[in-house]
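Heads up, the thing below is written out as structure tokens.
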Amino acid sequence: MSRDRALLERALDRGEQDGGNVEFKERLSRDVHLEGGRRESLAAQLRHRLLSGDGEATYVVGVTDDGGLAGIDPDTFSETMDVLSLLAEEADAHIEDVQTWGINEGIVGVAQVREGGVLETDDEHVVIGTAGHVDHGKSTLVGSLVTGKPDDGDGATRAFLDVQPHEVERGLSADLSYAVYGFDDDGPVRVRNPNRKADRAEVVQEADRLVSFVDTVGHEPWLRTTIRGLVGQKLDYGMLVVAADDGPTRTTREHLGVLLATDLPTIVAITKTDTVDEERVEEVEREVERLLRDVDKSPLRVARHGVDAAVEEVSERVVPIVETSAITMDGLETLDELFDRLPKTSQDTGEFRMYVDRSYSVTGVGAVASGTVMSGEVEAGDELLIGPMADGRFQEVEVRSIEMHYHRVDKAQAGRIVGIALKGIKESAIERGMVLLPRDADPEPVREFEAEVMVLNHPTRIGEGYEPVVHLETIGEAAAFYPENGRLLPGDTGETTVRFKFRPYLIEEGQKFVFREGRSKGVGTVTDVYPAD
Numbered sequence: 001m002s003r004d005r006a007l008l009e010r011a012l013d014r015g016e017q018d019g020g021n022v023e024f025k026e027r028l029s030r031d032v033h034l035e036g037g038r039r040e041s042l043a044a045q046l047r048h049r050l051l052s053g054d055g056e057a058t059y060v061v062g063v064t065d066d067g068g069l070a071g072i073d074p075d076t077f078s079e080t081m082d083v084l085s086l087l088a089e090e091a092d093a094h095i096e097d098v099q100t101w102g103i104n105e106g107i108v109g110v111a112q113v114r115e116g117g118v119l120e121t122d123d124e125h126v127v128i129g130t131a132g133h134v135d136h137g138k139s140t141l142v143g144s145l146v147t148g149k150p151d152d153g154d155g156a157t158r159a160f161l162d163v164q165p166h167e168v169e170r171g172l173s174a175d176l177s178y179a180v181y182g183f184d185d186d187g188p189v190r191v192r193n194p195n196r197k198a199d200r201a202e203v204v205q206e207a208d209r210l211v212s213f214v215d216t217v218g219h220e221p222w223l224r225t226t227i228r229g230l231v232g233q234k235l236d237y238g239m240l241v242v243a244a245d246d247g248p249t250r251t252t253r254e255h256l257g258v259l260l261a262t263d264l265p266t267i268v269a270i271t272k273t274d275t276v277d278e279e280r281v282e283e284v285e286r287e288v289e290r291l292l293r294d295v296d297k298s299p300l301r302v303a304r305h306g307v308d309a310a311v312e313e314v315s316e317r318v319v320p321i322v323e324t325s326a327i328t329m330d331g332l333e334t335l336d337e338l339f340d341r342l343p344k345t346s347q348d349t350g351e352f353r354m355y356v357d358r359s360y361s362v363t364g365v366g367a368v369a370s371g372t373v374m375s376g377e378v379e380a381g382d383e384l385l386i387g388p389m390a391d392g393r394f395q396e397v398e399v400r401s402i403e404m405h406y407h408r409v410d411k412a413q414a415g416r417i418v419g420i421a422l423k424g425i426k427e428s429a430i431e432r433g434m435v436l437l438p439r440d441a442d443p444e445p446v447r448e449f450e451a452e453v454m455v456l457n458h459p460t461r462i463g464e465g466y467e468p469v470v471h472l473e474t475i476g477e478a479a480a481f482y483p484e485n486g487r488l489l490p491g492d493t494g495e496t497t498v499r500f501k502f503r504p505y506l507i508e509e510g511q512k513f514v515f516r517e518g519r520s521k522g523v524g525t526v527t528d529v530y531p532a533d
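Okay, here's the thing in structure tokens:
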């Protein structure tokens, strides 16, 4: 017997022993189980299972009434989950978790259903992007914030964010990772066990105010990923991390430049203050202040001026500085108070729009597109467009379900970091940089646009045909520049035509972007667009 089948057999044995809160179903279909009185009858059956299980029920699907393993095809399993979700909604409950096994060339799944409807997400939600040099303690600081647990000195709390095994082994983040905690009237609502999806989902359910972190990558070879995290998300604030034992580095300056390019209000956290003496902390703080003043920012030491001043003054101009240690937990209460009180800065204007940052496939659910909702809101059942494809087309899809930090939600508003399960498209067809829009939108993909750019760093001059990578929202694409005056020198600001090299994207006037090629970097703003032919 295979290991997966043995695990399933044990799950079924436990279900039989538990009795009253376990229900076996081979399949559920819209045409049969939602018609006539069947819907009300099955919802009543689910309420009974929940009552028997003190608010929890287990539905095993893809099995016969006596618990025999049958297995159903992926499309049937997906429809079964849709129907079960509707029945749960009717019973004022929600599907909290689904595990699947491959059996007899089909799928058997165990769905955990919990009392209480899907989460309403109208509470305030602040999104913070981290930046800073590798080994300066970004992920460790965030891990200690969301759990309230001190680090062990070897980056133990960092493991709560790094999602790939090689990241944990090497102690280096290689992609964006996410974390969440929140606040209610009694103070912080933290994640008890970050390795359990249910615990992270519980924070989303219980907190009145949520704080999500988009944790970026500090290692220089992955600067492209960091730019994607800071430019491609609907962030409210940036948090630039500088280690007291190292001080500002070239990477620190590069990341600060990206934050400035996005006009993002920023906080500086000086980390690892436990590893050096007070004189060194003071020295690094002065270095940070000089760095900020060099780019026309006003540093504000929170230890000297207080949290009230930081909350009132933080802006594109004023940058609060907080001294912290994830080991002693010094300064983390100050960050808690800041994150509890800082106002949301990103604005929600227009209809629903979400740029795709990642895509993946979930057994029994299908294609999932994840990203940050840039504007408007989206609900389960909504009909959308996704694209453009390489040829400029947009494809019609339907929202199957929405998850936020492992918690299923009924809808998602601007600023939410979500995964949206889509019906009508394969995961292989979804690419980073695509956009989700309402079905009645009339999008015009763009291959070429005009922009005002500033060259921050370049060894010579930028001439016609210069080809950097343009980072706009979640788009990261090679593009050719054609400066209006024929060339741009370091420090110059000027107009240029920009043409994507390989395919069109959906962009609009006013969007900001970063461009880079090696160590050459610049920022820009879209001033006009030309729809693709």
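For what it's worth, full-length UniProt numbering labels the leading residue of the sequence shown as 1, then goes sequentially.
For each residue, glycine too, the CB sits at the ideal point set by N, CA and C.
In this structure, the straight-line span from the alpha carbon of T460 to that of G491 is close to 11 angstroms. Between N21 and R38, the alpha-carbon positions lie close to 20 angstroms from each other. Burial is judged here by how many other beta carbons sit within 10 angstroms of a residue's own beta carbon; E396 has fewer than 16 and is exposed. Sorting L50, D97, A57, R30 by C-alpha distance to the C-alpha of V409 places D97 at the top.
A buried status is given to D357, since no fewer than 16 other beta-carbon atoms sit within 10 Å of its beta-carbon.
For G366, the enclosing beta strand (DSSP E) starts and ends at 366–375.
Across the set Y181, R192, V214, the C-alpha of Y181 shows the shortest separation from the C-alpha of D208. DSSP places F515 within a strand segment (E or B) once states are collapsed to three. A distance of 8 angstroms or more separates the beta carbons of D151 and I267. For the stretch 75–138, there is no continuous alpha helix (DSSP H) assignment of 4+ residues that stays within its boundaries. Rounded to the nearest whole angstrom, the CA to CA distance from S41 to D184 is 38 angstroms. Note that the C-beta distance between V113 and A93 is below 8 angstroms. In the structure shown, A429 adopts helical secondary structure according to DSSP, grouped into three states. S361 is a Cβ neighbour of E427, given a cutoff of 8 angstroms.
Between R317 and K297, the C-beta spacing is below 8 angstroms. In the DSSP assignment, T334 falls within the unbroken alpha helix (DSSP H) covering 332–341.
DSSP places R301 in no alpha helix (DSSP H) but in the uninterrupted beta strand (DSSP E) bounded by 298–301.
Rounded to the nearest angstrom, the gap between the Cα atoms of V435 and I507 is 10 angstroms. According to the DSSP assignment, E467 belongs to no beta strand (DSSP E), since it is labelled neither H nor E. Going by DSSP, A532 is part of no beta strand (DSSP E) at all; its letter is neither H nor E. For T262, no pairing in a beta bridge is given by DSSP.
Secondary structure of R487 (DSSP, three-state): strand. Taking G148 as the centre and dropping the five residues before and after it, the same chain places the C-beta of P188, R190 closer than 7 angstroms to its C-beta, in chain order. Contact annotation: L84 and L28 have beta-carbon atoms nearer than 8 angstroms. In this structure, A243 lies near H136, with their beta-carbon atoms less than 8 angstroms apart. The beta carbon of A412 sits closer than 7 angstroms to the beta carbons of T121, V373, E377, V378, I402, M404, V418 from its chain, once the five residues preceding and following it are set aside; these are given in chain order. Apart from the 5 residues on each side of it in sequence, L34 sits with its Cβ closer than 7 angstroms to the Cβ of V83, L86 in its chain, given in chain order.
Collapsing the DSSP output to three states places L210 in a strand. Taking the Cα positions, I462 is about 41 angstroms away from V211. Judged by DSSP in its simplified three-state form, E508 adopts coil rather than helix or strand.
D199 carries a helical assignment under DSSP once its states are collapsed to helix, strand and coil. G247 is the residue among G102, G247, S375 whose C-alpha sits nearest the C-alpha of T273. L489 counts as exposed, since fewer than 16 other beta carbons sit within 10 angstroms of its beta carbon. Of the residues assessed, K521 falls on the buried side of the cut-off, its CB having 16 or more other CB atoms within 10 angstroms.
R408 carries a strand assignment under DSSP once its states are collapsed to helix, strand and coil. Straight across, the Cα-Cα distance linking D336 with L145 is about 8 angstroms.
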